[in-house]
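A short worksheet on the structure shown next.
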Amino acid sequence: MEREHLHRVFWDAHVGKERKREKNLFKKVHTDLVWLEIAPFVEPGLRVLDAGGGYGRYSVALARGGCQVVHLDLSPRMLEEARKVARREGVEHRMTFVLGKVQDLSAFGDQAFDLVISLDAPVSYAYPSEKQALQELCRVTGKTLIVSVVNRLGQFPVALEVEARWRRDFALSRKFLEEGNWDHPSFFQAMEERIPLLSRLLFPPLHAFLPGELVDEVESCGLRVQRVVATGTLSRLVSPGTLRRIVRNPKLYEEFLKLSHWYDAHFEVLGVGSRVASGLLVVARREGEHHAGVV
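See the structure below:
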C-alpha cells in the first residue's frame, strides 16, 4: 500500500487521540517547550505557514495572536477538526485551510511566509520524501523556519522494545539505527493489503534524523541554523512522579521549562529528546535575518 495513503488513513483515524495527547504529562511539557522556541518570532500580522498542522495545536493560537495563518495538512479529518477549533476560538477569518503535503508546497511562492513551522514531525512522516519536504519548507521561508522531526537516537530504544516483543533478533532496529528508516516489515505490508483496517492501527513509516543530518539538510537549502534542541530531554530523564510534582507547582514549572530550554540544547544531549513526541528541533533563519531572542 502506498506510504502516502497509509499516512492519510492513520491520521484520519487519530484525530481524537491526537487531541487527547496533551493529557500525557510528557507531551504537555514537550508542547510548552516548543512554544518557548516559537514565541520570540511571533508578532501580529506575520504571514505564517503551519505545514502538517494537524488539529491546530499551534496554528490556532498563532491566529489568536494576530498572525495570518495558512494551515496545511495531509488529513481531511485533521483539517476539519482544525477548522472547528478555529471557529470556536473566533479566529477562522485569520486562517486558510489547505489539503496538501509538506513535500509539495508548489501552491506557494518562494519566501512566501515570514514564519514557517512544521512541528511534531510531519517531515519525518513525509518519508521517503523527507529531504524534498525540508527543501520545500526552506524555499517558502522568508525569515524563520522552525521544524521538528523524530530523533533517531532518542527513538532507537523504543524501536528495540517494540522489536523485542515479537522478534528474536534486532535486525530491524539495527537498520533503523544505521539508516533512520522505519518501514513496515513485509509481512505487515501483506496483511495491510488483505485487511485495510490495520492501516488505522499500525504506526506509519517514517524517517528519523540525526542532529547533524538535519542541520546539514536545512543549511544546504540556504538557511542558517541558529539553534538545535533535543526537545524533552530533561523531562524524559526525570521520574514521572517528580515531573508530575513540578508541573503541579506553577512557579516550579516555569523554572523547569527555563532549565529545560537551556539543558535540551546542549550538544551532549542532542541525541536524546522526548520519548513521546518529535525530539529534535531546529530554528533556522534566512541569511541576513537575525533575532535577539535566538542564541
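Under my numbering, think of the first position of the sequence shown as 4, with each following residue one higher. All C-beta atoms in this analysis are idealised placements derived from N, C-alpha and C, irrespective of residue type, glycine included.
Residue i in three-state terms, based on DSSP
{"i": "S281", "result": "coil"}
{"i": "R230", "result": "strand"}
{"i": "V18", "result": "helix"}
{"i": "L75", "result": "strand"}
{"i": "V3", "result": "This structure cannot speak to residue 3, because the chain is shown only from 4 to 298."}
{"i": "F173", "result": "coil"}
{"i": "V101", "result": "strand"}
{"i": "H210", "result": "strand"}
{"i": "G291", "result": "coil"}
{"i": "K23", "result": "helix"}
{"i": "F13", "result": "helix"}
{"i": "Q192", "result": "Confidence in Q192 is poor, its pLDDT being 49 and thus under 50, which makes the residue's placement too unreliable to answer from."}
Distance CB(residue i)-CB(residue j) smaller than 7 Å
{"i": "V272", "j": "T245", "result": "no"}
{"i": "G112", "j": "R155", "result": "no"}
{"i": "D123", "j": "R50", "result": "no"}
{"i": "S226", "j": "L148", "result": "This sequence places Leu at residue 226; Ser is not what is there. Their beta carbons are under 7 Å apart, which means L226 touches L148 by this criterion."}
{"i": "V165", "j": "M81", "result": "no"}
{"i": "V275", "j": "A233", "result": "yes"}
{"i": "V285", "j": "V221", "result": "yes"}
{"i": "Q106", "j": "S132", "result": "yes"}
{"i": "V143", "j": "L108", "result": "yes"}
{"i": "R86", "j": "A66", "result": "no"}
{"i": "Y130", "j": "L75", "result": "no"}
{"i": "S263", "j": "L36", "result": "yes"}
{"i": "F13", "j": "P214", "result": "no"}
{"i": "F179", "j": "A167", "result": "no"}
{"i": "R289", "j": "K134", "result": "no"}
{"i": "A287", "j": "V231", "result": "no"}
{"i": "T99", "j": "V126", "result": "no"}
Span of the beta strand (DSSP E) around residue i
{"i": "H33", "result": "That residue, H33, is in no beta strand (DSSP E); its alpha helix (DSSP H) goes 28-41."}
{"i": "R145", "result": "With the sequence shown as reference, residue 145 is identified as Gly, and Arg is not the correct amino acid for it. Where G145 is concerned, the enclosing beta strand (DSSP E) stretches over 144-152."}
Residue from the options with nearest C-alpha to residue i
{"i": "E92", "options": "G69, V105, S78, Q106", "result": "G69"}
{"i": "V150", "options": "Q158, E139, F159", "result": "E139"}
{"i": "V32", "options": "D267, V285, A287, L102", "result": "D267"}
{"i": "V88", "options": "Q106, G56, A110, A16", "result": "G56"}
{"i": "E25", "options": "K178, G59, L283, I41", "result": "G59"}
{"i": "D238", "options": "D219, L52, F179, F259", "result": "For clarity, residue 238 is Ser in the given sequence; the question names Asp instead. For the residues D219, L52, F179, F259, the minimum Cα distance to S238 belongs to F259."}
{"i": "S121", "options": "R90, K23, G48, L77", "result": "L77"}
{"i": "E46", "options": "Q71, A162, L137", "result": "Q71"}
{"i": "K30", "options": "V279, L283, L52", "result": "V279"}
{"i": "W38", "options": "K20, S62, A54", "result": "S62"}
{"i": "S277", "options": "E290, K104, V241, R230", "result": "V241"}
{"i": "A42", "options": "A64, K254, L52, L175", "result": "A64"}
{"i": "D219", "options": "A54, L137, E257", "result": "L137"}
{"i": "A54", "options": "F44, Y128, E216", "result": "Y128"}
{"i": "A115", "options": "L255, R177, L52, L283", "result": "L52"}
{"i": "H269", "options": "E257, E95, L283", "result": "L283"}
{"i": "W265", "options": "K23, P253, F173, E40", "result": "E40"}
N- and C-terminal bounds of the alpha helix (DSSP H) containing residue i
{"i": "V88", "result": "79-92"}
{"i": "A54", "result": "No alpha helix (DSSP H) contains A54, which is instead part of the beta strand (DSSP E) from 50-54."}
{"i": "E258", "result": "253-266"}
{"i": "S238", "result": "236-240"}
{"i": "D219", "result": "214-222"}
{"i": "L65", "result": "62-67"}
Task: Length-filtered (4 minimum) alpha helix (DSSP H) runs lying within the segment 103-141 - done: 125-128
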